[in-house]
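Residue numbers (my numbering): 170 to 443.
Glycine included, each C-beta is placed from N, C-alpha and C at the ideal position.
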């Protein structure tokens, strides 16, 4: 390592110690990082493939294949499958946050950010704020597909909007887990592999596609405490019933706890890595 590099890092460290961004500056810097991430998405539209193709494919495929067998018809199955796919798509889409973060770290992008007198959380929170757009697109396309197939939610416009917001918030909350994984994993492929091992069983061992009452007793107990099930139950209560139930409160509490635990872990790990 050259003397110039060492001196540069020492100067950067001094700036970080002497310059403490205010909350307003932190928010402004986070928005700037979010805008940077959005510009990257515009230049790489393939980042939207998972949130565009998956909602359309899964909604139609599961509805037409399983609707008749599980609910006696496609239309009767829509209140179950639409809300299930909403949760599944949002939760799986948040894995891209950790993958992209790991790739940026490997390219040295965060080393340049670290040398700047900016908030430590901004380079992490910015991309995740931008990813809210991806979750919103996925939820909107899933609902649009459901409406085209005959889905008529009993919760009305207010219930649908509340459910949509919950889906986006849940995806954003879980993205902190993958942000943390992105800072500790050795490669982007490792982040993706770990993410699949976590999200695949949690998603399919839930009540997203079938009622847990049809499952063996031991599996039903697991499904009942599965955090994905709690989110799905909350979405169904809001969209299909228009009711603010205890399931909604549990889902919101779970999301807040995830952020409270994994946001500090991600920031600390990021600070040590770059």
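Specify the secondary structure class of residue i as computed by DSSP and reduced to three states.
{"i": "residue 287", "result": "coil"}
{"i": "residue 207", "result": "helix"}
{"i": "residue 231", "result": "helix"}
{"i": "residue 252", "result": "helix"}
{"i": "residue 183", "result": "With a pLDDT of 48 at residue 183, under the threshold of 50, the modelled position of this residue cannot be trusted; read the value that follows with caution. Residue 183: helix per DSSP, three-state reduction."}
{"i": "residue 462", "result": "The question about residue 462 has no answer here: the residues shown for the chain are numbered 170 through 443."}
{"i": "residue 416", "result": "helix"}
{"i": "residue 276", "result": "coil"}
{"i": "residue 263", "result": "coil"}
{"i": "residue 409", "result": "helix"}
Could you pull the start and end residues of the alpha helix (DSSP H) that residue i belongs to?
{"i": "residue 396", "result": "396-405"}
{"i": "residue 115", "result": "The question about residue 115 has no answer here: the residues shown for the chain are numbered 170 through 443."}
What's the call for residue i, buried or exposed, on a 16-neighbour Cβ count within 10 Å?
{"i": "residue 426", "result": "exposed"}
{"i": "residue 405", "result": "buried"}
{"i": "residue 431", "result": "buried"}
{"i": "residue 222", "result": "exposed"}
{"i": "residue 436", "result": "buried"}
{"i": "residue 192", "result": "exposed"}
{"i": "residue 401", "result": "buried"}
{"i": "residue 375", "result": "buried"}
{"i": "residue 268", "result": "buried"}
{"i": "residue 206", "result": "buried"}
{"i": "residue 218", "result": "exposed"}
Less than 8 Å separating the beta-carbons of residue i and residue j?
{"i": "residue 250", "j": "residue 378", "result": "yes"}
{"i": "residue 202", "j": "residue 322", "result": "no"}
{"i": "residue 448", "j": "residue 319", "result": "Nothing can be reported for residue 448, as the shown portion of the chain is limited to 170 through 443."}
{"i": "residue 337", "j": "residue 304", "result": "yes"}
{"i": "residue 394", "j": "residue 403", "result": "no"}
Using a beta-carbon distance below 8 Å, is residue i in contact with chain B?
{"i": "residue 376", "result": "The structure shown has no chain B; it contains just one protein chain."}
Taking only runs that begin and end inside the segment 282-333, name each unbroken alpha helix (DSSP H) of 4 or more residues, in chain order.
291-318
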